[in-house]
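If you use our numbering, the sequence shown closes out at 1431, no skipped numbers anywhere. From the three backbone atoms N, C-alpha and C, an ideal C-beta is built for every residue, glycine too. As the structure is a prediction and not an experimental result, all values here were calculated from the model.
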Amino acid sequence: MWGCRKHWFMVPKAIRDRVWEAYRVGQEDDWQPSREYLLAAKDAVIAVANKEGIDPDTSVYDCFLASLEER
C-alpha cells in the first residue's frame, strides 16, 4: 500500500486503482518503478496534500521521473 492507512484512504479511488495497476513487486528493492507508477503515486501525494491544505512535496517522484527521461 502506498502511504499509511489514513493517507491511502484520502486518495481518490481512481488514483488508488492506478497506483495498484502500475505497482510491480520488487520495485521498492531494485529502485526501478515504472513511469506509470511514479505518475500515479505523485498524483496520490498531490491529492492528499490538497485535502490537507498543504503544498505537495513531489520532489522524490520528480527526481525519479527526471532520471527516466535521461535514459
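Under a three-way DSSP split, which group does TYR1383 fall into? coil
For ALA1382 and TYR1397, believed in contact at Cβ under 8 angstroms, the rounded distance: 4 angstroms
With 16 as the cutoff for other CB atoms within 10 Å, does PRO1372 come out buried or exposed? exposed
Beta-carbon contacts of ILE1375 that lie in its chain and below 7 angstroms, excluding the five residues immediately before and after: ALA1400, ASP1403, ALA1404 and ALA1407
Cβ pair ARG1384, SER1394 closer than 8 angstroms: yes
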